[in-house]
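Below: the structure, in structure tokens.
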Amino acid sequence: MNQKNPSRFIWLGTVRQWHWISSAVCLIGMLLFAITGITLNHAAQIQVKPQIDTIEAEVPAELLQPMVIPDEEKAPLPENLVQWLNTEHAIRTHDRLAEWSDEEIYVSLPRPGGDAWLTIDITSGELFYEKTDRGWVSYFNDLHKGRNTGVVWFWFIDVFAVACMIFCITGLVLLYRHAGSRPTTWPMVGLGLVIPLLLAILFIH
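Take the sequence shown: its position 177, counting from 1, is numbered 177 in my numbering, and each next residue is one higher.
The following block contains the structure:
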């Protein structure tokens, strides 16, 4: 049989190879998304007390005096102020747009699993910073949703989704290949479709 149709077995071997490679690549990510699917579904039952940290300081006059209020309502902070915030207070504002007014600068700093914001009084130089940390469960939940995770994680989710599709499609091909000797294959596949479909039709309104 191998001599009659060798290309079929080469193709099947390629499918198997893609299946195990995609399964290995997706393993940890699928566990992460499965576990956080449960924690998201039970978010109301998972009680977490947020940790709130604040910083009150004064921006040096040499940074404030040369500052020019931009014409745009939203614009980046001056680079020397960005460096000072990072060096003196470990406040990272790179690539963040600030909201400017005649009296105040406001910077929103949302992040996975928490939030942060910063205000600077342009006249007095008074700085107030608040950071909220809602814990690791909230952090991984936000990774699941892609909330405040940035461009790199945005693209990771897309690439990971493609890898999962490769895993599923190659798995379907292998199921088809072995379905003849396993009579329950297609009923089980059908069950995976029928159960969520019935639940959606009967209970989601």
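Where is the CB? At the ideal position from N, CA and C, for every residue including glycine.
Contacting residues, own chain, Cβ-Cβ under 6 Å from residue i (five flanking each side not counted)
| i | result |
| --- | --- |
| residue 173 | 15 |
| residue 127 | 57, 59 and 120 |
| residue 106 | 99 and 119 |
Which residues DSSP lists as bridging residue i, in chain order
| i | result |
| --- | --- |
| residue 116 | 131 |
| residue 111 | 114 |
| residue 98 | 75 and 107 |
| residue 158 | Paired residue(s): none; residue 158 is not in a bridge. |
Cβ-based neighbour list, residue i, same chain, cut-off 7 Å, excluding 5 preceding and 5 following
| i | result |
| --- | --- |
| residue 2 | A caution first: residue 2 carries a pLDDT of 48, below 50, which makes its placement in the model unreliable, though a value can still be read off. For residue 2, where only same-chain residues beyond five positions count, the Cβ hits under 7 Å are 9. |
| residue 135 | 48 and 113 |
| residue 154 | 146 |
Residue range of the unbroken beta strand (DSSP E) whose run includes residue i
| i | result |
| --- | --- |
| residue 32 | Taken as a continuous stretch (DSSP letters only), residue 32 belongs to no beta strand (DSSP E), being part of the alpha helix (DSSP H) at 6 to 41. |
| residue 108 | 104 to 108 |
N-terminal and C-terminal residue of the alpha helix (DSSP H) that residue i is part of
| i | result |
| --- | --- |
| residue 45 | Run containing residue 45: none; DSSP gives neither H nor E here. |
| residue 185 | 185 to 203 |
| residue 141 | 136 to 145 |
Contacts around residue i, its chain only, beta-carbon distance under 8 Å, and the 5 residues preceding and following it disregarded
| i | result |
| --- | --- |
| residue 178 | 185 |
| residue 149 | 112, 142 and 143 |
| residue 84 | 59, 60 and 63 |
Could you say if the region 108 to 123 and the region 140 to 150 meet the contact criterion of at least three C-beta pairs nearer than 8 Å? yes
Quick test of the definition: if touching needs 3 or more C-beta pairs under 8 Å, does the region 14 to 28 touch the region 88 to 102? no
Please go through the region 47 to 94 and give each complete beta strand (DSSP E) segment of 3 or more residues, from N-terminal end onward. 51 to 58 and 74 to 76
Say whether the region 20 to 38 touches the region 155 to 171, bearing in mind that this needs 3 or more beta-carbon pairs closer than 8 Å, one atom from each stretch. yes
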